[in-house]
Amino acid sequence: MVANRNLITWNTKSGLLNSGSAWLPRQLLRLPRKFSPLKPFAMLPNNLHVALLSLSVSAVPLRNTFEEEPYMKRKVLRLSQTFNQIKDVNLQLASTTAKKIVEDPFEQSKRWKITSSYGDIGLIYRDEETNAYVASRMPAVYSACYRVLKEVRRRLPGFSPSKVLDFGAGTGSAFWALQEVWPKSLEKVNLIEPSQSMQRAGRSLMQGLKNLPLIHSYDSIQSLSKSITKSEREHDLVIASYVLGEIPSIKDRITIVRQLWDLTRDILVLVEPGTPHGSNIIAQMRSHILWMEERKYRKSSRKNNEVCKDLITEKAGAFVVAPCPHDGACPLVKSGKYCHFVQRLERTSSQRAYKRSKGDPLRGFEDEKFSYVVFRRGSRPSDPWPLDGMEFETLKEQHAKRNPEDLEIDYEDWLKLQQSDDTPHEVADAETDIADDLETDDAPREVVNAVTYDSDDAVETDGPIDSEEDEEREEERGSADLGGGWGRIVFMPVRRGRQVTMNVCRSTKRDASEGSYDRIVVTRTKNPTLHQQAKRSIWGDLWPC
1 MVANRNLITW NTKSGLLNSG SAWLPRQLLR LPRKFSPLKP FAMLPNNLHV
51 ALLSLSVSAV PLRNTFEEEP YMKRKVLRLS QTFNQIKDVN LQLASTTAKK
101 IVEDPFEQSK RWKITSSYGD IGLIYRDEET NAYVASRMPA VYSACYRVLK
151 EVRRRLPGFS PSKVLDFGAG TGSAFWALQE VWPKSLEKVN LIEPSQSMQR
201 AGRSLMQGLK NLPLIHSYDS IQSLSKSITK SEREHDLVIA SYVLGEIPSI
251 KDRITIVRQL WDLTRDILVL VEPGTPHGSN IIAQMRSHIL WMEERKYRKS
301 SRKNNEVCKD LITEKAGAFV VAPCPHDGAC PLVKSGKYCH FVQRLERTSS
351 QRAYKRSKGD PLRGFEDEKF SYVVFRRGSR PSDPWPLDGM EFETLKEQHA
401 KRNPEDLEID YEDWLKLQQS DDTPHEVADA ETDIADDLET DDAPREVVNA
451 VTYDSDDAVE TDGPIDSEED EEREEERGSA DLGGGWGRIV FMPVRRGRQV
501 TMNVCRSTKR DASEGSYDRI VVTRTKNPTL HQQAKRSIWG DLWPC
């Protein structure tokens, strides 16, 4: 299963943002008209005011240190004792914090829910910061959220959420992505955002729109819990995008994520920036949720009453839908790398105007790096692996079975047909495939440079690479199951001659309880079937095991 080439572009005719069918609503294209936030910041050197502070130095008689040597000794002794106390406290801080988190978290969660609130520890956005965020960061956050939610739709084609909770909603980036991915199923959306400026900006962008779901805004999880009954607490999908990094301590992050998990009926989505810090936050929350649900599952399995056991295990347990193909410890932690992905999007006119240095115009696109994890309640299905029982022929075996008549190819007609449907890159690959088929095994091999994902060397395109019809046809062909038989390609595959090298995170056990991070080399000589698939695979695609 190969994902489409995820280039997000702005379509001014339809008023939508396009990545295949990833389109941003028309309201967001008018951001420069409603918000011109970066202009004041661009003019900052001309409007900068510096307030000089006058320092008054009073002449205080200095003590004669030579005459008061006993006094100085007492001061030094007290200072040394204070430093030793601080050092002891710092050494005990890590173990004390870890002990509080690990030991009996269910009893302490009640206290955490009362003492911690996202509205108290999150960043405070004023109107100036909100306007700058809408113009500079909202398109990138939207593109990352859309990419993640589209992956959820592909892995769970029968999932259509009707009730959604958006924690840390900001100006509504995740809401627009939800509205685009599931436009017909959304009925009620609860937004949690403590910043009043962010709430006003989000409402302003939604003004005048029709066929919107029922939307309620809250300042914190506590205010949401007070406003709804227990039967209304659960949501089909809960998403927290680009918000956990604003919470300063791991203790408060775990508290927030546990509360969000309690409000989740089916799917929980966490998205953070694709930095080492953001990826580390995602890895920590992933480990805690899986550990917590495994602990619940073990407790429920010890009960003697089989009827109660069946009722409990329907809700107990959790597994990772994406991107991880397993529920074990993250293998990238020991490798020195961090798990993240890249989404390309086209810059808006305001970004091109104000995001520039030394007066040089910017490129028409940018790359947004992000890390994410998607949880689902229940147990991972035990589906057969896609390559079970399959035998692949080598290139020599395929050549031995071919008829001489099959080698007669009308090359010109075939190339004209492909040029009308494929992109230039795909046509070039097709030409290489035909040339390889006509070559003998003794012919010299052509060396292809390594393919890298670097925006500095990328080539701009005039329009979207994939169309909406192409994406619909791709989804109709079927989606990968949720078993452990599908690995995830991490980082861009490298093509060298007739071989493709990929870094794949995959499951090592049938129950997907453990995983590994391996380098896979697919050659055309040994496996021409998978080689064709590997050449067209990109960063973030699934790979069969």
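The sequence shown begins at 1 in full-length UniProt numbering and counts up one residue at a time.
Glycine is no exception: its CB is placed at the ideal position from the N, C-alpha and C atoms.
No experiment lies behind these values; they were computed from the predicted model shown.
Check your understanding: In three-state terms, what does DSSP make of Y242?
Key -> coil
Relative to the alpha-carbon of V374, which residue among P323, P381, P331, S382 has its alpha-carbon at the smallest distance?
In this structure, P323 is the residue among P323, P381, P331, S382 with its C-alpha nearest to the C-alpha of V374.
Within 10 Å of its beta-carbon, does H340 have 16 or more other beta-carbons around it, so buried, or fewer, so exposed? Label assigned to H340: buried.
Problem - Distance CB(G170)-CB(E187) smaller than 8 Å - result: no
Q) Helix or strand or just coil, what does DSSP make of M285? A) helix
Express the C-alpha separation of Y242 and G540 in angstroms, rounding to a whole number.
20 Å
task = Classify F159 as helix, strand or coil using the three-state DSSP reduction.
result = coil
Original post:
Skipping 5 residues on each side, what residues in its chain have a beta carbon closer than 8 Å to that of S225?
Top reply: For S225, the CB contacts under 8 Å within the same chain, skipping 5 residues up- and downstream, are R233 in chain order.
State the beta-bridge partners of G378 as determined by DSSP.
For G378, which the question treats as bridged, DSSP gives no partner whatsoever.
**Message:** For S227, count the other beta carbons within 10 Å of its own beta carbon; 16 or more makes it buried, fewer makes it exposed. Which is it?
**Reply:** exposed
Could you say which of R506, A512, T264, W543 lies nearest to V522 if we only look at CA atoms? W543
Meets three-Cβ-pair contact criterion under 8 Å: the segment 125-134 and the segment 194-203
yes
- Query: Who are the Cβ neighbours of P493 in its own chain at under 6 Å, not counting the five residues just before and after it?
  - Reply: V500, M502, S537
Hey, L209 and V238 are a contact pair by Cβ (cut 8 Å); roughly how many whole angstroms apart? About 23 Å; that fails the 8 Å criterion.
- When you compare only the Cα positions, how much space is there between G168 and E272? 12 Å
inquiry  = Between the segment 504-520 and the segment 317-337, can you find at least three pairs of beta-carbon atoms closer than 8 Å?
reply    = yes
Proximity winner among D518, A135, R524, S513, relative to K334 (alpha-carbon distances): D518
task: Name the one or two DSSP bridge partners that G487 has.
output: W543
- prompt: To the nearest angstrom, how far is it from the Cα of S173 to the Cα of Q343?
  reply: 15 Å
How many Å lie between R205 and S287 at the Cα? The question names Arg, but residue 205 is Leu in the sequence shown. Distance between the alpha carbons of L205 and S287 is about 37 Å.
Looking at the strands, I want to know which residues DSSP matches up with R496. Q499
Given a cut-off of 8 Å, decide if R265 and M285 are closer than it, judged by their beta-carbon atoms.
no
- Query: Hey, quick one: how far does the beta strand (DSSP E) through Y218 stretch, first residue to last?
  - Reply: Where Y218 is concerned, the enclosing beta strand (DSSP E) stretches over 214-218.
Practice problem: For C505, write down the residues that DSSP places opposite it in a beta bridge. | Solution: R488, Y517
Problem - Collapsed DSSP secondary structure at K334 in the structure displayed - result: coil
| said: Please return the same chain residues whose Cβ sits closer than 7 Å to the Cβ of L311, not counting the five positions on each side in sequence. | reply: Confidence at L311 is low in this model, with a pLDDT of 48, below 50, so the placement of that residue is unreliable and no value is reported for it.
Does the beta-carbon of T255 have 16 or more other beta-carbons within 10 angstroms, so that it is buried, or is it exposed? buried
### Query
With K163 and H235 assumed to form a contact (beta carbons below 8 Å), what rounded beta-carbon distance in angstroms separates them?
About 5 Å separates the Cβ atoms of K163 and H235, confirming a contact at the 8 Å cut-off.
Y133 versus A144 - alpha carbon distance:
15 Å
Looking only at C-alpha atoms, which of K296, T348, T275 sits nearest to R377? K296
- Spatial neighbours of I267 within its chain, please: CB distance less than 6 Å, with the 5 preceding and 5 following residues excluded, ordered by chain position. Excluding the 5 residues flanking it on each side, I267 has same chain C-beta neighbours closer than 6 Å at L237, R376, in chain order.
Supposed contact pair P331 and G515 - C-beta distance, whole angstroms, cut 8 Å: 6 Å between Cβ atoms; contact.
| query | Cα separation between E368 and S300? | reply | Their backbone Cα atoms lie some 42 Å apart in a straight line.
Measuring only the C-alpha atoms, how far is W486 from R495? 21 Å
Open item on the list: Distance check for G245 and S279, CA to CA, integer angstroms please.
Closed with: Those two C-alpha atoms are separated by around 10 Å.
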